[in-house]
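In the working numbering, the protein residues as written are 866 to 1003.
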């Protein structure tokens, strides 16, 4: 009898793999880190009320493209991106929203924006499209 399998079966009995307290061997690998992050985002629906509202607006726009709330959606996206920038750039904390949105997007920030959009809005945007924007703001 294999002691490792016995202990691991006993330790994880009754807990699903999707439970954040359940740590499997593959979750520790760098190649699978994004899956663990995605799972925790999807399992935490109350992660951000503005994200949920934004997702609802995007779902409405997909269901009925003629009835888009473009202005409201644009404002929510820029506000949430501004908050995301503040988390990643310490110098952005002292700036107002307009100054944050005027910051140029470098390659690392483009990757952060891409990951934020994919994680929160389930939309895949290419890095080229993000780089063409040059700034977060309009």
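Every residue, glycine too, gets a C-beta built ideally from N, C-alpha and C.
- Integer-rounded CB distance, given that residue 986 should sit under 8 Å from residue 975: Your numbering for residue 975 matches position 110 in the chain shown. Your numbering for residue 986 matches position 121 in the chain shown. Here residue 975 is actually not in contact with residue 986; their C-beta atoms are around 16 Å apart, not less than 8 Å.
- Determine, using beta carbons only, whether residue 996 and residue 966 come nearer to each other than 8 Å. Translated into the one-based positions of the chain shown, residue 996 becomes position 131. Translated into the one-based positions of the chain shown, residue 966 becomes position 101. Between residue 996 and residue 966, the CB-CB gap reaches or exceeds 8 Å.
- Item | For residue 969, three-class secondary structure by DSSP | If you number the chain shown from 1, residue 969 lands on position 104. Three-state result, residue 969: strand.
- C-alpha distance - residue 922 paired with residue 937, whole-angstrom precision: Residue 922 sits at position 57 when you count from the first residue of the chain shown. Residue 937 sits at position 72 when you count from the first residue of the chain shown. Their Cα atoms are separated by approximately 9 Å.
- Query: To the nearest angstrom, how far is it from the Cα of residue 968 to the Cα of residue 945?
  - Reply: As a first step, residue 968 must be located in the chain shown, where it is residue number 103. As a first step, residue 945 must be located in the chain shown, where it is residue number 80. Taking the straight line joining both Cα atoms gives about 15 Å.
- Would you decide whether residue 988 is buried or exposed? Buried here means 16 or more other CB atoms lie within 10 Å of its CB. The residue given as residue 988 occupies position 123 in the chain shown. Around the beta carbon of residue 988, fewer than 16 other beta carbons lie within 10 angstroms, which makes this residue exposed.
- Query: How big is the Cα-Cα spacing for residue 928 and residue 939?
  - Reply: As a working mapping, residue 928 is identified with position 63 in the chain shown. As a working mapping, residue 939 is identified with position 74 in the chain shown. So the alpha carbons of these two residues sit roughly 18 Å apart.
- Message: If you follow the alpha helix (DSSP H) that residue 993 is in, where does it begin and where does it stop?
- Response: For the purposes of this step, residue 993 is taken as residue 128 along the chain shown, with counting starting at 1. Membership of residue 993 in the alpha helix (DSSP H) is indicated by the continuous run 992 to 998.
- Item | Straight-line gap, residue 942 to residue 918 (C-alpha atoms, nearest Å) | Within the chain shown, the letter at position 77 stands for residue 942. Within the chain shown, the letter at position 53 stands for residue 918. Each residue's Cα considered, the two are about 10 Å apart.
- Query: Less than 8 Å separating the beta-carbons of residue 970 and residue 982?
  - Reply: As a first step, residue 970 is located in the chain shown; it is residue number 105 there, counting from the start. As a first step, residue 982 is located in the chain shown; it is residue number 117 there, counting from the start. No; because the gap between Cβ atoms is not below 8 Å, this pair is not in contact.
- Item | Nearest to residue 973 (by Cα), restricted to the options 954, 930, 963 | In the chain shown, residue 973 corresponds to position 108, counting from 1. Nearest Cα to residue 973 within the set 954, 930, 963: 954.
- Task: Kindly list the residues whose CB is nearer than 7 Å to the CB of residue 930, restricted to its own chain and excluding five residues on each side of it in sequence; keep chain order.
- Result: The sequence position of residue 930 within the chain shown is 65, counting from 1. Listed in chain order, the non-local C-beta contacts of residue 930 below 7 Å within the same chain number zero, local neighbours out to five positions each way being set aside.
- Item | C-alpha distance - residue 910 paired with residue 896, whole-angstrom precision | Working through the chain shown from its first residue, we reach residue 910 at position 45. Working through the chain shown from its first residue, we reach residue 896 at position 31. Caution is warranted here: a pLDDT of 45 is assigned to residue 910, below 50, making its placement in the model unreliable, and no coordinate value can be reported.
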